Structure formats: C-alpha cells, structure tokens
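Under our numbering, residues 406 to 838 are what the sequence shown spells out, in order.
Where a beta carbon is used, it is the ideal one built from N, C-alpha and C, also for glycine.
Since we're looking at a predicted model, the values are computed, not measured.
First comes the structure, then the notes that go with it.
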Amino acid sequence: MESQPNRPKNSNDAPKNFAAPSTLQFDLIAQRRRRRRRVVLALLSDCLQSPAYTSGFVSAMSSAVFARRARSRSPPAPGRIDPSRRTRPRVEEEPAVARVDMASALPDDMLLEVFKRLPPPTGVVRCAAVCRSWRRVVSRAGSGTFPDPPRHLGFFRNYAPSTLPPFVHTAGVALNLGFLPKTFARLPALPIAGHLVACCAVVPGQGAEFRVVVVLFGATSPNFYVLIYSSASSAWEVAAGTLKRRLTPHQGPSVVIGDFVYRLDCEEKYIMAVNTTKMTISVLPIPDAGMLLCTGNNWIGTTEDSRLCFLAIREPLIMVRWVLEAPRKWTPQEPVALRPLMNPATVGDLHGLKLSARIADQLVHGCKLVSFGGFCESSGTLFLIMADRVVSLDLKTFRMERLWLNDDKWRPLYDVFPYEMVAWPPAIKDSIW
406 MESQPNRPKN SNDAPKNFAA PSTLQFDLIA QRRRRRRRVV LALLSDCLQS
456 PAYTSGFVSA MSSAVFARRA RSRSPPAPGR IDPSRRTRPR VEEEPAVARV
506 DMASALPDDM LLEVFKRLPP PTGVVRCAAV CRSWRRVVSR AGSGTFPDPP
556 RHLGFFRNYA PSTLPPFVHT AGVALNLGFL PKTFARLPAL PIAGHLVACC
606 AVVPGQGAEF RVVVVLFGAT SPNFYVLIYS SASSAWEVAA GTLKRRLTPH
656 QGPSVVIGDF VYRLDCEEKY IMAVNTTKMT ISVLPIPDAG MLLCTGNNWI
706 GTTEDSRLCF LAIREPLIMV RWVLEAPRKW TPQEPVALRP LMNPATVGDL
756 HGLKLSARIA DQLVHGCKLV SFGGFCESSG TLFLIMADRV VSLDLKTFRM
806 ERLWLNDDKW RPLYDVFPYE MVAWPPAIKD SIW
C-alpha cells in the first residue's frame with residue numbers, strides 16, 4: 406500500500422512555512438486560461454478553412470465537447486413534446502474532472518498555423534505572453550515564419566508639453582502592451598555636476614543584456630570620462646582621458662554599430678566614435694559635402710552591411726551620401742533626388758508644395774523647410790521633416806510615405822525618435838511569470 410503524504414486538514418493544522426495560494430493568484434491563473442481559450446476560439450475559423458488541418462482540429466475538439474442524440478426511453482406524457490422528434494443534437498459537456506482544455510490539446514504545429522494568421526506584431530506578442538508553452542512555440546518558430554511586422558511602430562516627439570500625444574502611432578498599429586508585466590532597471594546614480602553630457606546611448610547585448618554608454622566632457626577642462634553600465638554586473642565602469650582640444654557638445658544624432666557608438670556634432674562638424682570595449686573615444690572628420698552644413702541638413706546612419714554613412718541634403722532637394730570604408734576614408738555614393746520620390750498617393754499634398762533645405766529660401770521665397778528628423782538603425786528607414794509633416798524614406802526601396810501632420814503651429818517639429826521592433830519573432834523572459 407502506497408504511503409500518502411501528510412497534508413494539513415485545515416488552515417490551523419498547516420505548518421508555519423506553508424503559504425496557501427491567495428485568491429488573487431487563483432484569479433490570475435483562471436484569467437490566463439480564459440484568455441488563452443478565447444484567443445484560440447476566435448482564430449480557429451481561419452485554420453478550419455484548410456482541409457489539411459480539418460481532421461486535426463475536429464479530433465482535438467472532440468476531446469473537449471461531445472454531442473449525442475437524446476433517446477426516448479418511455480412514451481411521452483400527454484401534452485408534452487416527444488424528445489425523439491428533436492431535429493438538433495443535444496450538446497452536453499463532460500464533467501469538470503474529465504474536461505480537457507481545448508487550447509492545451511492542440512499540438513505545437515497546429516498552434517503555429519494559428520499564430521501565422523495573426524496580424525503582426527501585437528497578435529503574436531499577446532499569444533507569446535499567455536503561457537510558457539505558447540511562448541516556446543513562438544520563440545522556436547525562427548525568422549521568416551511569421552509575417553514581418555511594420556518597419557516602425559511610431560515615433561516620439563521631443564518638444565514641450567502640448568495637447569498632442571507624445572507618441573505618434575504609425576503603420577496602423579496601436580502599440581498597447583499593457584498586458585505585459587512592467588519591468589525596468591534602475592541604474593545607480595552618478596555625480597555628474599560640473600560636466601557636460603556629450604553622448605548617451607544604449608548598446609544591446611545577448612538576450613536581455615544591455616549596456617548604457619555615457620560620455621562626459623569637462624566644463625572647464627579638456628578631460629573626458631567614459632561611463633558604461635552593464636546589466637550583467639549591475640555596476641558602472643569609468644575610464645578617463647584627456648582630449649587634444651576642448652570640445653563643447655551640441656545637439657546631434659547617434660547610431661550604434663557593434664561595439665561602437667557614433668555621434669554627429671552638427672555645430673562643430675565632427676563625428677565622435679566611442680569604443681565601448683576599450684572605453685576610448687576618437688574624432689572622425691566629416692566628408693567634404695561642398696555646401697554649407699547646418700543643423701538639420703546633415704545626418705548619420707547605417708548601411709545594410711552595418712557601416713557608418715553620412716547624409717546631407719543639397720538643392721534642389723538632392724540627398725548625397727558617403728560611406729565610411731576605412732578610418733578617415735569616406736566613399737561617395739549615388740545621389741538620390743527626393744522630388745521624383747514624392748508620389749501623390751503616398752505623400753499627399755507634399756507633392757505640390759514649395760520645399761527647400763535652405764533656411765534662406767524659407768525666409769525669402771516662402772518655401773517650406775526640409776530637414777532630417779530620425780533614423781531606424783535595424784530597418785534602414787530615414788525620417789524627414791517636410792513642412793511640419795513627418796515623412797519616412799526607405800533607403801532600400803526608396804519608397805517615401807507621409808506619416809503624420811503636426812497641427813500644433815506654436816510648437817514646430819525638430820527631431821523625432823522612431824520606435825522599432827528589433828527582435829522578431831519576440832522572445833519573452835521566463836522571469837516575468
């Protein structure tokens with residue numbers, strides 16, 4: 406006879422270190438099960454249209470619900486309906502003990518067929534957050550299994566408080582991940598009084614690891630400090646050095662390529678390169694654009710093969726590009742005329758406006774200003790500000806599309822900060838459960 410473990414008969418007999426599940430925990434578990442069942446039931450109709458999976462779905466559903474026709478065992482009483490003449494089968498559910506969750510009964514390959522039909526990225530991300538088994542199916546799917554998500558999900562605006570939302574949704578995707586647990590990392594405080602912040606960037610690592618890079622310049626001395634926070638060690642590392650000349654940081658874009666962080670200083674006309682491995686910095690000269698460079702008409706980005714590129718807009722709306730082939734060696738690329746890319750079907754009324762990248766033309770000839778606004782590093786999408794309109798330009802296909810119009814005339818747009826999904830398919834950490 407097998408020995409049964411001694412269990413407490415009631416709460417008074419329970420040991421002190423025994424923690425009974427709370428009502429809130431039971432509610433969360435039930436809510437997850439209901440959510441999983443509701444998602445599958447709403448999406449099974451798409452897969453049922455495929456003959457290859459019809460038999461599999463029917464067999465899976467038959468384990469949860471069965472139907473049988475009621476039989477008449479005795480003649481009906483006078484005035485009552487004969488149950489044998491029923492035209493519909495009576496659906497009865499199995500007892501609660503023998504009932505099987507329909508979603509859990511589906512095999513992984515069948516679940517994957519359901520997930521393939523979800524609109525990216527919100528549908529797939531929500532399914533990956535339901536339970537561990539679903540997250541395993543999504544994470545092991547591999548690239549190319551699911552439809553590609555939008556190249557960018559929206560952008561943040563950088564000006565003062567306004568009646569307009571701080572985050573602008575694009576591509577018809579309403580980014581709402583409120584169902585995910587809120588996770589964040591609070592960095593240890595550092596005293597930076599008496600210094601100027603020259604650069605600040607986040608360098609992604611393997612999995613959920615990351616590094617935060619901060620470069621400080623001395624306010625009254627040519628000293629610099631490279632501070633790197635590592636999520637693996639949860640600590641800061643500091644390295645100091647001396648510049649050949651004193652630099653004053655100004656506004657400018659930055660990109661991350663491997664272990665290097667590049668930042669363009671539009672006022673001083675140089676690019677600062679930060680080596681996050683050796684914790685050193687160097688200064689790169691910008692190429693000779695043959696034009697007057699000012700804030701907004703020059704930018705930096707990356708190429709498809711992860712090389713640094715420099716971009717500028719010259720008249721009449723021609724974008725010129727250079728690629729960094731070797732240290733201090735820039736190679737010019739084929740210029741791109743922006744005006745022919747303005748298709749009225751994708752940019753709207755921008756096609757007929759007077760546009761210019763020079764501020765003088767805006768004051769003298771009444772032209773609307775064109776300037777750079779942002780850059781998506783993973784997708785290679787460039788953001789432009791054209792007449793208070795945010796326009797995206799795909800550097801691979803050279804497709805231009807108007808995304809948003811600024812209705813707040815008292816607060817003009819400057820830089821925008823695109824939000825894009827880098828990891829796809831998504832991978833959610835086990836620690837959130």
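{"Item": "Return the chain-ordered list of same chain residues with a C-beta closer than 8 Å to the C-beta of residue 714, the five sequence neighbours on each side being excluded.", "Value": "705, 706, 707, 708, 726, 727, 728, 729 and 738"}
{"Item": "Per the DSSP calculation, residue 670 is bridged to which residue(s)?", "Value": "675"}
{"Item": "Along the beta strand (DSSP E) that carries residue 534, what are the first and last residues, could you check?", "Value": "Run containing residue 534: none; DSSP gives neither H nor E here."}
{"Item": "Have a look at residue 575 and residue 560 and give me their C-alpha separation to the nearest angstrom.", "Value": "8 Å"}
{"Item": "Could you name the residues of the same chain whose beta carbon sits closer than 6 Å to that of residue 674, not counting the 5 residues immediately before and after it, in chain order?", "Value": "691"}
{"Item": "Between residue 623 and residue 685, how many whole angstroms is the CB-CB distance? I'm expecting something under 8 Å.", "Value": "Residue 623 to residue 685, Cβ: 17 Å. No contact."}
{"Item": "Counting along the chain, where does the alpha helix (DSSP H) carrying residue 515 start and finish?", "Value": "513 to 521"}
{"Item": "Can the beta-carbon of residue 520 be found closer than 8 Å to that of residue 532?", "Value": "yes"}
{"Item": "How close, in whole Å, do the beta carbons of residue 669 and residue 658 come, if the pair is a contact with beta carbons under 8 Å?", "Value": "5 Å"}
{"Item": "Between 656, 693, 697 and 695, which has its C-alpha nearest residue 677's C-alpha?", "Value": "656"}
{"Item": "What distance in whole Å lies between the Cβ atoms of residue 809 and residue 573, which are believed to be in contact at a cut-off of 8 Å?", "Value": "5 Å"}
{"Item": "According to DSSP, which residues form a beta bridge with residue 642?", "Value": "633"}
{"Item": "To the nearest angstrom, report how far apart residue 599 and residue 620 are at their CA atoms.", "Value": "13 Å"}
{"Item": "Can you say whether residue 717 is buried or exposed, counting buried as having 16 or more other CB atoms within 10 angstroms of its CB?", "Value": "buried"}
{"Item": "Compute the beta-carbon to beta-carbon distance between residue 805 and residue 724, rounded to the nearest angstrom, for a pair I have assumed lies under 8 Å.", "Value": "In fact, because the Cβ distance is near 11 Å, the residues do not count as touching under 8 Å."}
{"Item": "First and last residue of the alpha helix (DSSP H) that includes residue 597?", "Value": "Looking at the DSSP string, residue 597 is not in any alpha helix (DSSP H), and its letter there is neither H nor E."}
{"Item": "Who are residue 737's beta bridge partners in DSSP?", "Value": "727"}
{"Item": "Return the chain-ordered list of same chain residues with a C-beta closer than 8 Å to the C-beta of residue 824, the five sequence neighbours on each side being excluded.", "Value": "557, 558, 559, 560, 561, 572 and 580"}
{"Item": "Taking all protein chains shown into account, do 16 or more other C-beta atoms lie within 10 angstroms of the C-beta of residue 614, making it buried, or fewer, making it exposed?", "Value": "exposed"}
{"Item": "Please identify the residue among 763, 681 and 795 whose C-alpha is closest to the C-alpha of residue 609.", "Value": "681"}
{"Item": "Just to confirm before moving on: does the CB-CB distance between residue 782 and residue 617 stay below 8 Å?", "Value": "no"}
{"Item": "Look up residue 561 in the DSSP assignment and give the residues it is bridged to.", "Value": "572 and 822"}
{"Item": "Can you grab the Cα-Cα spacing for the pair residue 695 / residue 529, in whole Å?", "Value": "48 Å"}
{"Item": "In terms of residues, what are the limits of the alpha helix (DSSP H) holding residue 749?", "Value": "749 to 752"}
{"Item": "With a threshold of 16 other CB atoms inside 10 Å of the CB of residue 777, please say whether the residue is buried or exposed.", "Value": "buried"}
{"Item": "Tell me which residue opens and which closes the beta strand (DSSP E) that residue 768 is part of.", "Value": "Element bounds for residue 768: not the beta strand (DSSP E) but the alpha helix (DSSP H), 764 to 769."}
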